[in-house]
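Using this note's numbering, you'd call the opening residue of the sequence shown number 1 and step up by one each time. Take a look at the structure below.
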Amino acid sequence: QVDSGGNVGDINLDNVFSATYTNYLIIVDKMTPATNGANIVFRLRDDTPSTISTSAYGYVSRMYRANDNGLNSTNGDNHTSVILTDNGVSNSSNVLGFKMAMWLHNPYTSTVYTGGHGTFQFHNSSGYSTGGYFQMQLHENSSPRGIRFFANTGNVNGRIKIYGVVDS
């Protein structure tokens, strides 16, 4: 787990994936951007540790606003990162920004692509509750060892936990 304890440029968890587990649960229970309306972005990291920022990410994210059931979507293929939100996250400290549960599959192995999916909730920059779901895949055999979260503009304050799930 990591708690940034304040605003930082990015939040990294390195060397958290191993051959012991095939599946991981990533819990983000707080991700508040310093800049109101910033979007939350995700990348995997390799064993050096360095961010994997090749144009190999594919993703789809869909979210609904509570005030008007408005629908927003983000998607992309051959991108350098996964953009999880597209209508801006509130920087109000009392709502804890962006929250997410993400399942990540096969991050350690270099024989298959790493994929993930999950659900999230946040208050947007207008103060409306927004919830949704996403999927992502890294279209290369990079054997990721860690993760990186950051805001597309400004800093971020966050708390993240990662759990390996035992195959049975």
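Yeah, the Cβ is synthetic: ideal placement off N, Cα and C, and Gly gets one too.
| Item | Value |
| --- | --- |
| Flag this pair as touching only if the segment 17 to 25 and the segment 76 to 91 have three or more C-beta atom pairs under 8 angstroms; answer yes or no. | no |
| Given a cut-off of 8 angstroms, decide if Gly132 and Met63 are closer than it, judged by their beta-carbon atoms. | yes |
| Where does Val82 land, buried or exposed, given buried means 16+ other C-beta within 10 angstroms? | buried |
| Report yes if the CB atom of Ile27 is closer than 8 angstroms to the CB atom of Phe149, and no otherwise. | no |
| Are the segment 109 to 129 and the segment 85 to 97 in contact at 8 angstroms, needing three or more beta carbon pairs? | yes |
| Is Asn12 near Arg65, with beta carbons less than 8 angstroms apart? | no |
| May I have the straight-line CA-CA distance separating Gly84 from Thr111, to the nearest angstrom? | First, the residue type needs correcting, since residue 84 is Leu and not Gly in the sequence shown. Going by the C-alpha atoms only, they are around 26 angstroms apart. |
| Where does Asn15 land, buried or exposed, given buried means 16+ other C-beta within 10 angstroms? | exposed |
| Run the CB neighbour count on Tyr59, radius 10 Å, all protein chains shown included, and call it buried at 16 or more, exposed below. | buried |
| Contact defined as beta carbons within less than 8 angstroms: I believe Gly97 pairs with Thr32. What is the distance between those atoms, to the nearest angstrom? | 3 angstroms |
| So if DSSP puts Pro33 in a beta bridge, which residue, or which two residues, is it bridged to? | Val156 |
| Name the DSSP bridge partner or partners of Ile52? | BP columns for Ile52 are empty, so no partner. |
| For Asn155 and Asn7, which I take to be in contact (beta-carbon distance under 8 angstroms), what is that distance rounded to the nearest angstrom? | 4 angstroms |
| Could you check if Asn157 is buried or exposed, using at least 16 other CB atoms within 10 Å of its CB as the buried criterion? | buried |
| I think Pro49 touches Gly146, with their Cβ atoms under 8 angstroms apart; what is that distance to the nearest whole Å? | 6 angstroms |
| Rounded C-beta distance between Tyr113 and His139? I'm assuming under 8 angstroms. | 6 angstroms |
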